[in-house]
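Below: the structure, in C-alpha cells.
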Amino acid sequence: MSNDVSNQMNTSRRTFLAKAGTTAGAAVVAPGVFLTTPAAARPADEPVDIERRWGILIDTAKCDDCSDCVTACETENGWGSANPVEEESSPEQQAQWIRKVGLKNKSTGHVLSLPLMCQHCETAPCVDVCPTGASFKRADGIVLVDKHICIGCRYCMMACPYKARSFIHETLTDQKPWAPRGKGTVESCTMCVHRVDEGKTPACVEACTAENHNAMFFGDLNDETSVISQELEKHGGEQIRADLQLNTGVRYRGI
Amino acid sequence: MKLALHYREIEGKSTGFWILLGGLGLLIGLAMGSVLHMEHAGHHVTGMNNQIVWGLPHVFAIFLIVAASGALNVASIGTVFGRSLYKPLARLSGLLAIALLLGGLLVLVLDLGHPDRLIIAMTYYNFKSIFAWNIILYNGFLVLTIVYIWFMMERKMNRYYRTAGFFAFIWRLILTTGTGSIFGFLVAREAYDAALLAPMFVIMSFSFGLAAFILVLMAAYNWTQRPLGDLILFRLKNLLGVFVASVLYFVVVYHLTNLYATEHHAVERFILLEGGIFTGLFWIVQIGLGSLLPLAMLYHPTIGKSRPAIATAAALVIIGGFAQLYVLLIGGQAYPLEMFPGYEVSSSFFDGVVSSYSPSIWEIALGVGGVAIALLIVIIAIRVLRFLPETLEDEVVDPHAAAKVG
Amino acid sequence: MRHTTVMRAVLRSLLAMLLALPLAAFGDGALPFSELSMSEPQRHFSATQECVQPEEEMRRNHMEYILHQRDATVHRGIRTRTYALEECINCHATRDDETGEFVRADDPRHFCAACHTYASVKIDCFQCHADVPVRDPSLNTGNNSVPNDETHGLAAELQQMLAAEGKP
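Residue numbers (the numbering used here), protein chains in the order written: chain H, 1 to 255; chain Y, 1001 to 1406; chain Z, 2001 to 2168.
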C-alpha cells in the first residue's frame, strides 16, 4: 500500500521535476534566443528609417593574425584574392573593402591588430564632398556609394580620413548580383547592406562569430537592449581618429 | 602726331603661324588619344592608384584654373582700380583667362572615371560639396568674362563694361577661394586642412596668371612684329615680382605654422627633409628656381630690364608653380594618413607607408594637351577678333609718361 | 535673273538625284533599312508568370521602371522583387544552344543587347551589374517580401526550373 502511494508520489514528483526542469531550462534559454536573434528583417517594400542605426564593435584584444573577416568580405562581395578579376591593376590600384592593420606602439612596444573598413561616420566627410551626392548616408546610418550617379572624380577618396574607399581601375566581369561594382566608380564597405536588409549580419561579423573568435559584434546602436549597445555600455568603444568627431558607426575596444 | 590706340587682328599668314597651329593641334590630338585609351581601358593604365588618387592631370588642371583666374587680374587693375596703363591689355587678359580655364576644365573632366556622366554633375548638386560649388563658379566665370569682353569690344555696351569687370573681379576671387578650399576643407590629410590654403591660392593665382600673361603678351608681340613698349612691360614685371614675393610669404607662414605644432612635425619633416622627390621639388624648383631666382632677376637694375630675362623669369615662375602644386597635391597624398598617432602602422592597403607616384605617358599627354588647347584658343581668337592693340609702344600707352621721359 | 533661276533648277535636280542614289541601289524600291532584322529577344516566362508589365508598356518604358527601382533600392532600401533588375535577368536569361552556358552582355543574343544593339543605344548597366543569373543558396532573395508581392516566387520558380533541368 505504502509502495503504491510512494510510487504515485515518485511518479508525480518525476513529472513535476521534469516539467519544472523543462520550464526552468526554457526560461534560461529563451532570453538567449531573443538576445542573439538579430533584429527582424524589415519588409521589402518598407523604406529604411532613422529609428535604427547599424554599428559594428570590434574587440581588438580578441583579434590576432587571423583575417577571416577579410576573406569573408572578399567572398561575399566579389573582390580581392577570392575573386581575381582585377588582373590588370597593380596592387596599389586593386580595391580593398576591408584590411587588417598591424599596429606597434612606438614607445611601449605593444602590438595589436584590427580590421579597418569604412567607418560609416555620422557626419561623413566623403558624403560632404561628393559633388553629385552619389556618396550618401542612408537613413539607418550606412554610408554607401550610388554608383549610378558616381562620376568617378575620387574626391571622396581624398576626403576619407580612413582611406576606406577604392576606385575601380579596369573593366570587371562576373560581379555578384547583390554587390554590383564596375570601372570608373568608387566603392567601399557597404556593411553588407543586402544582408542587413534581410535581417542578417555582415559577412565579416558572421565569419568572425562562426570561427568562434567573437571579436566582432553587429547590431542596432539605437536599441539599448541590443548586444552591441550592451557591450558598448559595459566595456566602452573608441573611434579611430576620435578627434575628428565624426561619430563613427564602427567602434573599437582596446585602441 | 599722336598715335591712337587701335585694336587689330593678327595677320596669321606666316609659315610660323601655321606650324604653331599644327604643333598645338598635334599635342591636342595626342591628348585626345590618351583620353580614349584611359577611358576604354580604365585608369589602371595610369600611375594613379588608391593611394595617390589625384595625379599629374590634376596638377595641370589646377594650375591652369588658378592661372586663369589670375590672368584676369590685368584687366581688373585697369577696370576696377582705374589704372589706365593696363586698359589696353584688358581684352587679351579676359581672353587668356577664358582660354586657360577651358584648358584646365577639359583636363579635369576628361580624367573622370565616368566622363560620360558629366551631365549628371551638371544636374545633381550636393550643395555641401565645394566641388559642386566650383562647377557653378567655373561656369559663371566663363559667362561673366565673355560678357565683360563683349562690353569692352562693343561700342553700344561699352559704358557698362566697368560693372561687368567689377563682378568678374569679385567672382574670380570667390572662385579661387573655392579652388583652394578643395584642399583646405579636407580634414583627412595632414598637408591639407588649413584655412590658409584658400587665400594662398588667391595669391598664387595672381602670380601664375600674370606670369602666363607676360609670356603670352611678349610672344604675341614679338612674333607679329608689333611694338611692345618698355613702359608697360616693366610695370608688369615689377608687379610680377610683388606677387612672387607674396606667394613666398604665404608659403613661409604655412610651413612655420605647421612647424610650431608638434602634431604636424612629421609631415613637415617629410616635405622639407625626407620626402625625396618632393623635398627636391620644394627647395630647388619651387623656392629656388620658382621664387628666389625670378625675384632676383626681375628686380636687378640691369638684368630686370632685359627682355629675355623677363621672359625667363616668367617661365621660371610657371615652372615653380607646377612644382608647388605637385608638392601640395601629390606630396600631400603620398604622406600616409595619421590614423594611429604614436604607432607604427602596416597593412595590405599600404597604410603607414609613403606612397610613390610615377606619371604615365597618358597623363602627361592629357595635361600638356590642356595647355595646348588654351594656347590654341588664344591664337585663333587673336587671329579672328580684335583682341590685340596694334601697338603698345610707350607713346600710345601713356603719352604723358612718354613725353616726360623723351 | 534667268541664269539664277536655271542654276537653281539644275542644283535642285542634282540634289534630288544625289539623295535618291542610295534608293536606286535597291531596285525593287524597298527602303534601305528593311533589309535589317532585329533579333528576337528571349522571353523566358514561366507557365504562371508573364512579364511584370504588358509587352508594349515594357518596350517603351522599361527604363523608367529600372531607374525608379534603382533609386528606391539604393537610397531607401526597398527590395521588392517585381521590378528588381536581378529578377529581369533571372527571367530573361538566354542560353547558348550548343554550350548551354548563359549568353553574356556583350553578345548580341543577350536579352538586353538584342534590342539595344539594333537601336544603337549604349547601356552601362552591365559595367557594374551581373548580366547572367547567379544563385547564392544562402541568400533568400525573393523570400523576404510581403505577402501581397505577387511575384516573390519568381526567383524560387526559376530555381526550381533550373534544378529540374539538372543545371547547377
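Where is the CB? At the ideal position from N, CA and C, for every residue including glycine.
Quick caveat, the model's predicted, so the values are computed rather than measured.
Can you tell me where the beta strand (DSSP E) with residue i in it begins and where it stops?
| i | result |
| --- | --- |
| Y252/H | 250-253 |
| P1057/Y | Not the beta strand (DSSP E): P1057/Y falls in the alpha helix (DSSP H), residues 1056-1071. |
| W54/H | 54-59 |
| R99/H | 98-105 |
| M216/H | 216-220 |
| M117/H | 111-117 |
What does residue i reach in chain Y if we use C-beta pairs closer than 7 Å?
| i | result |
| --- | --- |
| T171/H | G1042 |
| A159/H | L1186, A1188 |
Give the residues of chain H in contact with residue i, contact being defined as C-beta atoms less than 7 Å apart.
| i | result |
| --- | --- |
| H2068/Z | The contacting residues do not exist; H2068/Z stays about 12 Å from chain H at best. |
| R2076/Z | P47, V48 |
| R2079/Z | A44, D197 |
| V2134/Z | K176, P177 |
| A1132/Y | P131 |
| W1054/Y | R154, M158 |
Return yes when the Cβ of residue j is within less than 9 Å of the Cβ of residue i, no when it is not.
| i | j | result |
| --- | --- | --- |
| D59/H | R2079/Z | no |
| S1034/Y | W1283/Y | no |
| Y1221/Y | L1392/Y | yes |
| I1101/Y | Y1148/Y | The question names Ile, yet the displayed sequence has Leu at residue 1101/Y. Not closer than 9 Å, so no. |
| Q257/H | H169/H | Residue 257/H lies beyond the stretch modelled for chain H, which goes from 1 to 255, so this question has no answer here. |
| G1184/Y | L1173/Y | no |
| G1331/Y | F1278/Y | yes |
| M1218/Y | I1310/Y | yes |
| C126/H | C150/H | no |
| F217/H | L57/H | yes |
| K1237/Y | G1290/Y | no |
| G1070/Y | F1206/Y | yes |
| V186/H | A159/H | no |
| G102/H | V1345/Y | yes |
| F1017/Y | V1371/Y | no |
| A139/H | P47/H | yes |
| T1224/Y | E1395/Y | no |
Strictly below 9 Å CB to CB, what residues from chain Z border residue i?
| i | result |
| --- | --- |
| T185/H | Q2127, C2128 |
| A72/H | Correct list: empty, because the minimum Cβ distance to chain Z is about 12 Å. |
Just the chain H side, please: which residues come within less than 8 Å of residue i by C-beta, in chain order?
| i | result |
| --- | --- |
| I1174/Y | Going along chain H, no residue has its Cβ under 8 Å from I1174/Y, so there is no contact; the nearest lies around 17 Å. |
| I1135/Y | P131 |
| E2101/Z | Ordered by position in chain H, no residue passes the 8 Å Cβ test against E2101/Z, which lies about 13 Å from the chain. |
| Y1260/Y | Neighbours of Y1260/Y on chain H: none; closest Cβ ~18 Å, over 8 Å. |
By the criterion of Cβ-Cβ separation under 7 Å, what are the contact partners of residue i in chain Z?
| i | result |
| --- | --- |
| G182/H | Q2127, C2128 |
Does the ligand SAH have a heavy atom nearer than 8 Å to the CB of residue i?
| i | result |
| --- | --- |
| T1079/Y | This structure lacks the ligand SAH; in fact it carries no ligand of any kind. |
So residue i contacts chain Z; which residues on that side make the cut at Cβ distance below 8 Å?
| i | result |
| --- | --- |
| F136/H | H2075 |
Give the range of the alpha helix (DSSP H) segment to which residue i is assigned.
| i | result |
| --- | --- |
| V1397/Y | 1394-1397 |
| S135/H | That residue, S135/H, is in no alpha helix (DSSP H); its beta strand (DSSP E) goes 135-137. |
| R1106/Y | Reading off the sequence, residue 1106/Y comes out as Leu, not Arg. Per DSSP, L1106/Y belongs to the alpha helix (DSSP H) from 1090-1110. |
| L1026/Y | 1015-1041 |
| V1247/Y | 1230-1260 |
| D223/H | From DSSP, D223/H is part of no alpha helix (DSSP H); its letter is neither H nor E. |
| H2075/Z | 2055-2076 |
| A2105/Z | First-last for A2105/Z: undefined, no H or E at that position. |
| C63/H | Element bounds for C63/H: n/a, residue is neither H nor E. |
| G1165/Y | 1161-1184 |
| G1012/Y | Where G1012/Y is concerned, there is no enclosing alpha helix (DSSP H), given that its DSSP letter is neither H nor E. |
| Q245/H | Per DSSP, Q245/H belongs to no alpha helix (DSSP H) and is neither H nor E. |
| E122/H | E122/H -> no alpha helix (DSSP H), and no H or E assigned at all. |
| G1209/Y | 1197-1223 |
Can you list the residues of chain Y that residue i reaches, using a CB-CB cut of under 8 Å?
| i | result |
| --- | --- |
| S166/H | N1050 |
Which residues in chain Y have a C-beta closer than 9 Å to the C-beta of residue i? List them in chain order.
| i | result |
| --- | --- |
| Y162/H | A1188, L1337, M1339 |
Which residues in chain H have a C-beta closer than 9 Å to the C-beta of residue i? List them in chain order.
| i | result |
| --- | --- |
| E2086/Z | P177, W178 |
Chain-ordered residues of the segment 88-117 of chain H with a beta carbon less than 9 Å from chain Z: Cβ contacts with chain Z: none found.
Contact list for the segment 120-131 of chain H against chain Z, Cβ threshold 9 Å: Within the segment 120-131 of chain H, no residue qualifies.
Entirely enclosed beta strand (DSSP E) segments - the segment 1309-1363 of chain Y, minimum 3 residues: Whole beta strand (DSSP E) segments, 3+ residues: 1343-1347.
Residues of the segment 139-155 of chain H whose Cβ lies closer than 8 Å to any Cβ of chain Y, in chain order: Answer in chain order: I149, C150, I151, G152, C153, R154, Y155.
Positions along the segment 198-217 of chain H whose CB lies within less than 8 Å of some CB in chain Y: Along the segment 198-217 of chain H, none of the residues has a CB nearer than 8 Å to a CB of chain Y.
Completely contained beta strand (DSSP E) runs for the segment 127-196 of chain H, where each covers 3 or more residues: Listed in chain order, the complete beta strand (DSSP E) runs (minimum 3 residues) inside the segment 127-196 of chain H are 135-137, 143-145.
Against chain Y: residues of the segment 217-243 of chain H by CB proximity under 7 Å: If the cut-off is 7 Å between Cβ atoms, the segment 217-243 of chain H has I240, R241 near chain Y.
Members of the segment 1340-1351 of chain Y that neighbour chain H once the beta carbon cut-off is set at 7 Å: Correct list: F1340, G1342, Y1343, E1344, V1345, S1346, S1347, S1348, F1349, F1350, D1351.
Within the segment 1265-1289 of chain Y, ranges of the alpha helix (DSSP H) (whole runs, at least 4 residues): Correct list: 1265-1269, 1277-1280.
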